[in-house]
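First up is the structure itself, then whatever we jot down about it.
In the working numbering, the protein residues as written are 431 to 656.
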């Protein structure tokens, strides 16, 4: 079974997808983390976002893997190196959408994401899971929240990671830029699948959202997934 969770940055996709997967005993696949890892590698190698040819070649020669630890956390491995913390930096956030919009980079990632998703019952989150990666997903959700709330959440997340020099204004600028790029790119833009269940998480707690998704799954697919 494949469950797709899409939505804009800061809507709570990763947190919700991770907890839902744990509740269902499914595998959690963070596709956004995969693009972040590629972006980190590009930054480390000094490859600019506009150099599509170099980025495509890099993507084709990069080993990416997601490893789940005993405590339920997710480790992102880039060429065998754990970059789970590094990929959350503001610098990576600033450039990830520019790199993720490159068509042939997405093709490379698409193949990997589909392979991982088909190996086991999975919950995947991203921008185009229900529209491109798994258009035939068993269940699709689209999580959203007011822009101001998404900024607040991302700011809180970065502060918790100990990122220096973070301000609400900077986070708002970066998030607005990502929204624009994600929703207007020619290849797999952010949009809600016609058959996705829309959930506004603005005034909901994390447990509330997880409970709502689990309830919908129970209602629509039976008690095995409830």
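Every residue, glycine too, gets a C-beta built ideally from N, C-alpha and C. In this text the structure is predicted, and so the values were computed from the model without any measurement.
Asked	Found
Using three-state DSSP, classify residue 434 as helix, strand or coil.	strand
Between residue 608 and the rest of its own chain, which residues show a CB-CB distance below 6 Å, the 5 nearest in sequence each way excluded?	439, 527
Please return the same chain residues whose Cβ sits closer than 6 Å to the Cβ of residue 484, not counting the five positions on each side in sequence.	477
Using the three-state DSSP reduction, which class does residue 650 fall into: helix, strand or coil?	helix
I'd like the span of the alpha helix (DSSP H) that includes residue 500, first residue to last.	No alpha helix (DSSP H) contains residue 500, which DSSP labels as neither H nor E.
Who are the near neighbours of residue 505 in its chain, counting only those whose CB is closer than 8 Å to its CB and skipping five residues on each side?	496, 497, 498, 499, 512, 514
Looking only at its own chain, which residues have a Cβ that is under 8 Å from the Cβ of residue 525, when we skip the five neighbours before and after it?	469, 472, 473, 479
Report the start-end ranges of each alpha helix (DSSP H) in the region 530-606 that is 4 residues or longer and not cut off at the edges.	533-549, 577-590
For a test of the three-state rule: what should DSSP assign to residue 511, helix, strand or coil?	strand
So, at 8 Å on beta carbons, what are the nonlocal neighbours of residue 453 in its own chain, with the 5 sequence-adjacent residues on each side left out?	640, 644
Looking only at DSSP bridge pairs, what is residue 458 linked to?	553
Per DSSP, what kind of secondary structure is residue 477 in: helix, strand or coil?	coil
Does the beta-carbon of residue 557 have 16 or more other beta-carbons within 10 angstroms, so that it is buried, or is it exposed?	buried
Given a threshold of 16 other Cβ atoms within 10 Å of its Cβ, counted over all protein chains shown, does residue 653 qualify as buried or as exposed?	With a pLDDT of only 44 at residue 653, under the threshold of 50, the placement of this residue in the model should not be trusted; the figure read from the coordinates follows. Under this definition residue 653 is an exposed residue.
What first and last residue would you give for the alpha helix (DSSP H) that runs through residue 486?	482-490
Over the uninterrupted beta strand (DSSP E) stretch that includes residue 517, give me the two end residues.	First-last for residue 517: undefined, no H or E at that position.
Just list the residues that DSSP pairs residue 629 with in beta bridges.	573
Per DSSP, what kind of secondary structure is residue 450 in: helix, strand or coil?	helix
Going by DSSP, what residues sit across from residue 504 in a beta bridge?	498
Counting only the same chain and skipping the five closest in sequence on each side, list residues whose C-beta sits under 7 Å from that of residue 538.	489, 490
Which of the three DSSP states, helix, strand or coil, is assigned to residue 471?	helix
Quick one: what's got a C-beta closer than 6 Å to residue 651's C-beta in the same chain, skipping five residues either side?	none
Express the C-alpha separation of residue 460 and residue 443 in angstroms, rounding to a whole number.	9 Å
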